[in-house]
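Each remark here refers to the structure printed beneath this line.
Residue numbers (our numbering): 47 to 364.
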């Protein structure tokens, strides 16, 4: 009986102190690796996208599907719609239609705030531009600032653009939002484009994919090869011929996310982009959110004399 009593006492002590030890271990694991438990208790609001290793297949094959994904929940669609409304509010904050006054520090105007990532990379980017012999990139400051603000929006995960050129638009997008990827289509009209593309691919790794060649063919081939791919934001280089712009707009319609998208178009004094944009507006294919024009020369832009302004809108899902 005494032996049995001792055994029971020993078992109680083991359970008592052993249980405490287990609890201490669990607490230690939670403190050291909180993400393991947070992910289980509080799953992310956005749908996960699995990336394959870079060498497995071309980076362009890795697609981000948002509202077009049939497995997306209603809650995610509502979240995306809320983010889009917030962005629309930003675009309508200012009634100013002079581009040079768009970000004037007035009480009612939109406020420009660079992301932390912008400051992390901007010096390296400026050095790369200088090394490539680029004094100033072609886009105006106001348009670049607008692109940066739009790209911050949580629903923007994929950005497509025509005309990589010196990479300013791609840079403003990649530094605005760590979750987005940029797909650029460039005809290599400038001898510095490949050098800057190499620099940005090194800095941002697989978040940047560039396709060189005639966009009348490369974009069409891209769309055909990836029918499920969607762009949440599209930036159109308006300095090109009307024929190529017509092709760009037609292909963009097949690429943009029907659940919510933003299109930024450069408007040049040649009026090619403006004519194409207006024709799409008249047909009801695009809805214009905002347009501004320059009344004065932007002295900070190399091609300031050719800049007329820019427009921001969305493709309409019919």
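Quick reminder that beta carbons are idealized off the backbone N, C-alpha and C, glycines included.
If we call anything under 8 Å between Cβ atoms a contact, is residue i one with residue j?
| i | j | result |
| --- | --- | --- |
| residue 265 | residue 231 | yes |
| residue 290 | residue 262 | yes |
| residue 324 | residue 285 | no |
| residue 237 | residue 287 | no |
| residue 221 | residue 170 | no |
| residue 218 | residue 190 | yes |
So which of the options has the shortest CA-CA distance to residue i?
| i | options | result |
| --- | --- | --- |
| residue 274 | 162, 146, 300 and 236 | 300 |
| residue 149 | 188, 170, 214 and 177 | 188 |
| residue 201 | 302, 317 and 246 | 302 |
| residue 250 | 285, 276, 235 and 225 | 225 |
| residue 160 | 147, 146, 172 and 195 | 195 |
| residue 272 | 320, 229 and 165 | 229 |
| residue 292 | 147, 143, 267 and 320 | 320 |
| residue 158 | 147, 166 and 267 | 147 |
Am I right that residue i and residue j are in contact with their C-beta atoms under 8 Å? What's the rounded C-beta distance?
| i | j | result |
| --- | --- | --- |
| residue 207 | residue 216 | 7 Å |
| residue 295 | residue 269 | Going by Cβ atoms, the distance from residue 295 to residue 269 rounds to 13 Å, so no, they are not a contact pair. |
| residue 309 | residue 298 | 7 Å |
| residue 204 | residue 277 | 5 Å |
So, for residue i: in the same chain, excluding its five sequence neighbours on each side, which residues have a beta-carbon less than 6 Å away from its beta-carbon?
| i | result |
| --- | --- |
| residue 257 | 231 and 264 |
| residue 246 | 213 and 254 |
| residue 332 | 326, 359 and 361 |
| residue 281 | 207, 215 and 310 |
| residue 279 | 202, 205 and 308 |
| residue 304 | 363 |
| residue 168 | none |
| residue 235 | none |
Please list, in chain order, all residues of the same chain as residue i whose beta carbon is under 7 Å from its beta carbon, the five residues on each side excluded.
| i | result |
| --- | --- |
| residue 334 | 327, 357 and 359 |
| residue 223 | 197, 198 and 202 |
| residue 174 | 242 and 245 |
Decide if residue i is buried, meaning its Cβ has at least 16 other Cβ atoms within 10 Å, or exposed.
| i | result |
| --- | --- |
| residue 283 | buried |
| residue 233 | buried |
| residue 363 | exposed |
| residue 89 | Here the model assigns residue 89 a pLDDT of 33, short of 50, so the residue's position is not dependable, and the following value carries that caveat. Result: exposed. |
| residue 172 | exposed |
| residue 259 | exposed |
| residue 179 | exposed |
Just to confirm my understanding: we take residue i, look at its own chain, exclude 5 residues before and 5 after, and list those with CB closer than 8 Å. What are they?
| i | result |
| --- | --- |
| residue 355 | 145, 313, 337, 338, 339 and 340 |
| residue 166 | 221 |
| residue 143 | 337, 338 and 339 |
Is any heavy atom of the ligand MN found at a distance shorter than 7 Å from the C-beta of residue i?
| i | result |
| --- | --- |
| residue 225 | Looking for the ligand MN in the displayed structure turns up nothing, as the structure carries no ligands at all. |
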